[in-house]
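Okay, so here's the structure we're looking at.
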Amino acid sequence: MAKKEQLTPVYILGPGALGLAFAKLFSEHRPVTLLTKAYHPQDYQYTYQGYSEPLQVQCIPSPSGEQAPQQKIGELWLFTKAHQALEALTTLLPALKKDAQIIISHNGMSDLNELNRLLGPQQALYFMLTQQAAYKPAPDQVVHVSLGPSTLGAANQAAEKSLATQLLLWQRQIPNLVGSDNIHRARWQKLLVNLAINPVATWQQQRNGALRAPEYASDIMALVHEAITVAKAQGLEFSLVQALNLAYMVMAQTADNRCSMLQDRLLGRETEIDAMCGYVYKTAQQLGLAAPVNQLYYQRIKGDRP
């Protein structure tokens, strides 16, 4: 226990499924604090491969305004939705150390420049993509389904300087974690997979494996092709064939899963469609391009189109 206490404590915002799953991984090595709201449970049960145990974490209220925890935060993991990241980081700024390590993970694309403008020169911002999977059968329970691969990269200069050192630490605590020297490209690659699955699965209310049926192929191809055209205008080249092959492989590997966007819609929560189809079609407009299928699915899932 003494050895654990010598390491930097981990603060995690967002007691959702992934936040709790990563809290378990970190708690094997370091003290973990969950930043929660008043309506969140204070105790959680963690299950992996049929074995359940209490999650060994401390829960404290998430700071609001100028209120800050007694101990300044040196390492913060934000497992929020894309549209929540800016507000979450803004609220937590007074609680962060001047040299804090901040790691963000969400589906879809967000403007990391907006986040970086909030940070000091020594505050390092990273982005993590993950194929780890988990779900919550109840508010105080999490089931960790898969320890899939994760990719982490620097999102500002401070993070570039410390990435190699930090990565070694995190790789001892997060299974199947690799580093990326171009996280922007890696985020685009993940976006292409998300676009092939989330919008169609959500609109059709289908599990991932069902999307391999021929009737969905034309929309899936158009969604991905439009995004690749936008990426090319930004200087990034992707192969449509390779992107589709990867997407269909993920569909097969996660055939019984409901994608996160569909889960959000079924539960009446705001989806991440703005960070997926919305990002593609609005960026296309700014570049003088057209992305009609992304626009259609954006409007459908936002409720603007039948």
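With positions in the sequence shown counted from 1, the corresponding number in this note's numbering is that position plus 407. Virtual Cβ for every residue (Gly too), placed ideally from N, Cα, C.
For residue i, the three-state DSSP class (helix, strand or coil)
i	result
Lys505	strand
His551	strand
Cys684	helix
Ser557	strand
Phe534	strand
Leu703	helix
Pro470	coil
Ile627	helix
Met646	Reading the sequence as shown, one finds Ser at residue 646 and not Met. Ser646 falls in the coil class under three-state DSSP.
Thr443	strand
Gln456	coil
Tyr655	helix
Leu485	strand
Leu427	helix
Ile581	coil
Residue i versus the options, residue with shortest Cα-Cα distance
i	options	result
Ile759	Thr454, Leu651, Tyr458, Leu414	Nothing can be reported for residue 759: it is not among the residues displayed for the chain, which extend from 408 to 713.
Pro528	Asp506, Asp547, Pro556	Asp506
Val464	Ala489, Tyr455, Asp547	Asp547
Glu677	Ala445, His490, Pro461	His490
Ile509	Tyr533, Gly586, Ala662	Tyr533
Val637	Arg592, Ala659, Met668, Leu669	Arg592
Met628	Phe429, Leu462, His513, Val700	Val700
Gly515	Met668, Leu674, Gly710, Tyr542	Met668
Gly421	Tyr455, Ile511, Asp626	Ile511
Asp626	Val648, Ala682, Leu602	Leu602
Cys684	Leu703, Leu674, Cys666, Asp450	Leu703
Asp681	Gly675, Ile708, Phe433	Ile708
Tyr542	Leu674, Val687, Gly710	Leu674
Asn583	Ile590, Asn605, Thr558, Gln564	Thr558
Gln456	Leu525, Asp450, Ala428	Ala428
Ala562	Ile581, Arg594, Val585	Arg594
Host beta strand (DSSP E) of residue i (start-end)
i	result
Lys543	540-545
Ala617	Taken as a continuous stretch (DSSP letters only), Ala617 belongs to no beta strand (DSSP E), as it is neither H nor E.
Leu584	584-587
Leu526	It is not in any beta strand (DSSP E) - Leu526 carries neither H nor E in the DSSP assignment.
C-alpha distance - residue i paired with residue j, whole-angstrom precision
i	j	result
Lys639	Tyr458	46 Å
Ala698	His436	46 Å
Thr572	Leu500	24 Å
Asp588	Trp577	16 Å
Gly616	Tyr453	27 Å
Tyr418	Gln693	37 Å
Tyr655	Thr690	25 Å
Lys504	Gln530	8 Å
Pro468	Pro461	20 Å
Pro448	Gly695	48 Å
Gln660	His632	22 Å
Leu575	Ser569	10 Å
Ala634	Val549	33 Å
Leu618	Gln706	20 Å
Glu679	Asp671	9 Å
Met658	Asn664	9 Å
Glu482	Ala502	11 Å
Thr498	Pro470	7 Å
Ala620	Asn652	14 Å
Ala445	Cys466	10 Å
Continuous alpha helix (DSSP H) stretch holding residue i: start and end
i	result
Ser569	564-578
Gln463	Gln463 -> no alpha helix (DSSP H), and no H or E assigned at all.
Glu494	492-499
Ile419	Counting along the chain, Ile419 falls outside any alpha helix (DSSP H), though it belongs to the beta strand (DSSP E) covering 417-420.
Ile604	590-611
Gln670	667-673
Interface flag, residue i vs chain D, CB-CB below 8 Å
i	result
Pro621	The structure shown contains no chain D, having only a single protein chain.
Worksheet item: If we count Cβ pairs, one from each stretch, closer than 8 Å, do we get three or more for the segment 637-645 versus the segment 520-537?
Response: no
Worksheet item: How do the segment 550-557 and the segment 598-615 stand: do at least 3 beta-carbon pairs fall below 8 Å, yes or no?
Response: no
Item to complete: Assess, as a yes-or-no matter, whether the segment 530-539 is touched by the segment 602-621 under the definition of 3 or more beta carbon pairs within less than 8 Å.
Response: no
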